[in-house]
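Novice: Each residue of the sequence shown is one higher than the one before, counting from 1 in the working numbering.
Quick reminder that beta carbons are idealized off the backbone N, C-alpha and C, glycines included.
I am attaching a structure below and will ask some questions about it afterwards.
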Amino acid sequence: MMNHQEVENELRFLMQWRNNGISFIPGSPGVEMLNACSKMLLNASDKILNDPNINIGNLFKYGENQGDQEFRENLAHFLTDEYGDDVKSSNLMVTAGATQGLHAILTILCDKKTPVFIEDPTYFLASRMIKDDLQINTIPVQGDETGMIPECLEKALLSYKDQKQNVTCEPSSRFWAAVYLVPVFSNPTGWTYTEERCKKLVQVARKYNILLIAEDVYNLIYFQDACPPKRLLSYDLATDADYTGGNVLSNGTFSKIFAPSVRLGWIEGPAKLLCPIYESFLTWSGGSFNHYMAKVMSQLLSSGALKEHTEWLRASYKKRLAALCDTLDELKPTDWQYHRPKGGFFVWVTFPEHLSALEFLRFARERYDVTFLPGICCSPTLGSKNSARLAFSSLNEDAIVSGLKKLILAYENFTKSCVDRVDVFQCIC
């Protein structure tokens, strides 16, 4: 049986592993997508820096704590159009990306005594950042293909309260509990929460006065319908009779729809939740978390260049997903199961219950130079042992088909070579 340290060691090795093989691990934009950003950034920067009416003081100083007003207005227009839902500039603040946004939310609206309830499986680096870097207690909650189960969350909340006699649900400057989740095109599974599931989670959050942190980083990478699925925040309506100022924050980023290196993102939420962040000493000291890049991105937003780029990305990623899923449909072994997502970067594959995906990964890596992320690396309870996350975003269609064919061949030889090995075929209670 694997323990947490062994999984951590394997994960670190995977993150550092480099060779000429094909990897389905990176959940990042492909090189072709990033190449398109170069000219866009050059043109936007040139327009800003060569503007005869440029205000150097405004451009190169710290910037407004909440973020540049013009940028937030342009971003609000862009998101309103993309989401098909009204987004107000006053409900947005600038961050240096989703990771920094999550860090700011947890350190300012929560504290080290605040438990964070997480999905299982979940985004593997966020859960480790919360637990190991911030030293915050993480508590996994059972879910299914429609998201975290509200009844299980409520049961976990009550169990925690019973264990900690001094816990109170009364409103205060910091939340006594928080939930971290990826409700749209989830990392790692690609699944999306249903409307009913979102509504029930908001009801639980209001009932127990807890914070829901929605990592909304894949929402705009959708392949069906005119708009993406509704974000969790849109169910926390101020018009509801039991609304108390808001219990949901949406954490967004340009890393998936533009380039990770620009280090730019946003948090969307009501004033009750946003004000403590942008009025904190953290922002008083540093100002806007990425003021200059916000000015550059504002140009791309106002000119329509980012909208055009995002539409091209969706078409490109849709082809990559089709290459992966069509190949799976044609060639996958009969004992593989998977769900074709409607957006995002990932496909979640489930192998036979008795098979260790981690052992299969080692075999495929060593003999076929192809890798994937084992499900156990995404599970805080070391579950999902027989599952794998396949990321298709960073590979072109030819590499996806070639890599998947290698992976299927590796699987066939792996299962033949280890029928009698008890360390590979395990019982899962």
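1) Identify, in the order they occur along the chain, each residue of the same chain with its Cβ nearer than 8 Å to the Cβ of PRO188, setting aside the five sequence neighbours on each side.
2) Count the other C-beta atoms from every protein chain shown that fall within 10 angstroms of the C-beta of CYS325, then say buried if there are 16 or more, exposed otherwise.
3) In this structure, how does DSSP classify VAL431 when only helix, strand and coil are distinguished?
4) Going by CA-CA distance only, name the one from ILE130, LEU92, CYS227 and PHE60 that's closest to GLU73.
5) With ARG485 as the anchor, note down where its alpha helix (DSSP H) starts and where it stops.
6) Which same chain residues end up closer than 6 Å to SER394 when comparing Cβ atoms and leaving out the 5 residues on each side of it in sequence?
7) Could you tell me if TYR193 is buried or exposed, where buried requires 16 or more neighbouring beta carbons within 10 angstroms of its beta carbon?
8) In this structure, how does DSSP classify ASP144 when only helix, strand and coil are distinguished?
9) In this structure, what does DSSP give as the bridge partners for ASN74?
10) Can you list, in chain order, the residues of its chain with a C-beta nearer than 8 Å to that of LEU134? Leave out the 5 residues immediately preceding and following it.
11) Taking Cβ positions, are ALA205 and CYS110 nearer each other than 8 Å?
12) Closest by CA to ASN251, which one among GLU215, LYS199 and LEU407?
13) When the Cα atoms are used, what is the spatial distance from LEU237 to ASN209?
14) Any contact between the segment 313–327 and the segment 221–228? By contact I mean 3 or more CB pairs, one from each, below 8 Å.
15) Straight-line CA distance for VAL370 to ARG320?
16) Nearest to LYS272 by CA position, among LEU232, THR381, SER173 and PRO260, is which residue?
17) Figure out for me which residue from TYR411, LEU409, HIS339 and TRP266 has the closest Cα to the Cα of SER90.
18) Answer with buried or exposed for GLU434, where buried requires no fewer than 16 other C-beta atoms within 10 angstroms of its C-beta.
19) What is the rounded straight-line gap between the Cα of LEU153 and the Cα of SER356?
20) Check whether the Cβ atoms of ASN386 and GLU412 sit closer than 8 Å, and answer yes or no.
21) Ignore the nearest five residues each way along the sequence and tell me which others in GLU70's own chain have a CB closer than 7 Å to its CB.
22) Alpha carbons only, please: which of LEU14, PRO341 and LEU211 is nearest the one belonging to TRP191?
23) Which class does ILE257 belong to by DSSP, given the choice of helix, strand or coil?
Specialist: Taking the definition as stated:
1) The residue labelled residue 188 in the question sits at position 188 within the sequence shown. Result list for PRO188: PRO121, THR122, TYR123, PHE124, PHE346, TRP348, LEU373, GLY375, CYS378 and ARG389, in chain order.
2) Along the sequence shown, one-based indexing puts residue 325 at 325. The residue in question, CYS325, is buried, as its Cβ has 16 or more Cβ neighbours within 10 Å.
3) Outside the shown range of the chain, which is 1 to 429, sits residue 431, and nothing can be said about it.
4) In the sequence shown, residue 73 corresponds to position 73, counting from 1. Of the residues ILE130, LEU92, CYS227 and PHE60, the one whose Cα lies closest to the Cα of GLU73 is LEU92.
5) The requested residue 485 is not part of the displayed model; the chain covers only 1 to 429.
6) Counted from its first residue, the sequence shown places residue 394 at position 394. The beta carbon of SER394 lies closer than 6 Å to those of PRO26, SER28 and GLY30 in the same chain, with the five residues before and after it left out.
7) Walking along the sequence shown from the start, residue 193 turns up at place 193. With 16 or more other Cβ atoms inside 10 Å of its own Cβ, TYR193 counts as buried.
8) Taking the sequence shown and counting its residues from 1, the one referred to as residue 144 is at position 144. ASP144: strand per DSSP, three-state reduction.
9) Counted from its first residue, the sequence shown places residue 74 at position 74. Looking at the DSSP assignment, ASN74 forms no beta bridge with any residue, so it has no partner.
10) Counting from 1 along the sequence shown, the entry for residue 134 is found at position 134. Once the five neighbours on either side are set aside, the close Cβ partners of LEU134 are HIS103, LEU106, THR107 and LYS112.
11) Within the sequence shown, numbered from 1, the residue matching residue 205 stands at position 205. Within the sequence shown, numbered from 1, the residue matching residue 110 stands at position 110. With respect to CYS110, ALA205 sits apart: the two C-beta atoms are not nearer than 8 Å.
12) Residue 251 sits at position 251 when you count from the first residue of the sequence shown. Closest option to ASN251, Cα to Cα, is GLU215.
13) Residue 237 sits at position 237 when you count from the first residue of the sequence shown. Residue 209 sits at position 209 when you count from the first residue of the sequence shown. Computed Cα separation, rounded: 15 Å.
14) yes
15) Counting from 1 along the sequence shown, the entry for residue 370 is found at position 370. Counting from 1 along the sequence shown, the entry for residue 320 is found at position 320. So the two alpha carbons sit approximately 17 Å from each other.
16) In the sequence shown, the residue the question calls residue 272 occupies position 272. Answer by Cα proximity: SER173.
17) Position 90 of the sequence shown holds residue 90. Nearest C-alpha to SER90: TRP266.
18) Because residue 434 is not part of the residues shown, which for the chain are 1 to 429, the question remains open.
19) Numbered from its first residue, the sequence shown carries residue 153 at position 153. Numbered from its first residue, the sequence shown carries residue 356 at position 356. Those two C-alpha atoms are separated by around 28 Å.
20) Within the sequence shown, residue 386 is the residue found at index 386, counting from 1. Within the sequence shown, residue 412 is the residue found at index 412, counting from 1. No, Cβ-Cβ distance for ASN386 and GLU412 is not below 8 Å.
21) By one-based count along the sequence shown, residue 70 stands at place 70. Cβ neighbours of GLU70 beyond the five flanking positions: SER298.
22) Residue numbering aside, residue 191 sits at position 191 when the sequence shown is read from its first letter. Nearest option by C-alpha distance: PRO341.
23) Start at 1 with the first residue of the sequence shown, and residue 257 comes out as number 257. ILE257 falls in the coil class under three-state DSSP.
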